[in-house]
Amino acid sequence: DGGITQSPKYLFRKEGQNVTLSCEQNLNHDAMYWYRQDPGQGLRLIYYSQIVNDFQKGDIAEGYSVSREKKESFPLTVTSAQKNPTAFYLCASERQGSNQPQHFGDGTRLSIL
Amino acid sequence: DAKTTQPTSMDCAEGRAANLPCNHSTISGNEYVYWYRQIHSQGPQYIIHGLKNNETNEMASLIITEDRKSSTLILPHATLRDTAVYYCIVRVTNTGGFKTIFGAGTRLFVKA
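Protein sequence lines, in the order shown, are assigned to chains U and V.
The first sequence: position 9 = 9 (the working numbering), numbered continuously.
The second sequence: position 36 = 36 (the working numbering), numbered continuously.
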């Protein structure tokens, strides 16, 4: 079945450590997104990419980095510069230029040890 | 994209219709209304969307007022599994999702 796969489901980070969250889609979508969700809150945009080898900062990009070397993949790195990384991270994709909705993965929950 | 206003929480009895309102008074003519829901610790799930006509699918119905300033999502026979946070979003479709704003949504509790 087509969809978005995020891994791992749970991730723990030590202080000062970088960690990378995986997001893969087989929907042939051009655009991919990373959101952060804190308890009881909505989604906030971290980074987005509308085409391979190009990406743009969202509203809360500080302390995060991304790459888009392949259409199917959009990994997110949470760097040590992100002082409050504990959150639920969601990846999404969509076909641009249509009224079709965004598709979401099932998220990665990141916690600090 | 226009912002939306939704009640923080709602209750519904199992088997009854759940009617979730959304205000989007600043919606522009080319913005669609989308509804998603999120069950705890999962990603948001798309439910339905529309421009100005009422829409129905296997999950729900979407009623959009004639002036398009508000809409209602209807779950015709709510079950316990419909307990979730429901998000109402408006966005222009020829731009990217980077303009999509997910607020806090409405937390729906379906009670037996």
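Positions of the beta carbon are idealized from the N, C-alpha and C atoms, including for glycine.
Judged by DSSP in its simplified three-state form, D59(U) adopts coil rather than helix or strand. Cβ-Cβ distances below 6 Å link T72(V) to N19, P21, I63 in the same chain, with the five nearest sequence neighbours on each side left out; the list follows chain order. With the criterion set as a beta carbon lying under 8 Å from some beta carbon of chain U, the members of the region 30 to 50 of chain V are Y32, Y34, Y36, S41, Q42, G43, P44, Q45, Y46, H49, in sequence order. The alpha-carbon of N18(U) is positioned some 6 Å away from that of S80(U).
The C-beta of I48(V) has 16 or more other C-beta atoms within 10 Å across all chains shown, which makes the residue buried. Taking 8 Å as the upper bound for CB-CB distance, V90(V) and E31(V) are in contact here, some 5 Å apart.
When the five nearest sequence neighbours on each side are left out, the beta carbons in the same chain lying within less than 7 Å of the beta carbon of F102(V) are those of Y87, I89, in order along the chain.
Spatial neighbours of D54(U) in its own chain (CB-CB distance under 8 Å, excluding positions within 5 residues in sequence) are listed in chain order as R68.
In this structure, DSSP gives D54(U) an extended state, which the three-state scheme calls strand. In the DSSP assignment, M10(V) is bridged to L108(V).
By the Cβ criterion, the region 71 to 85 of chain U is in contact with the region 3 to 23 of chain U, since at least three pairs of Cβ atoms, one from each stretch, lie closer than 8 Å.
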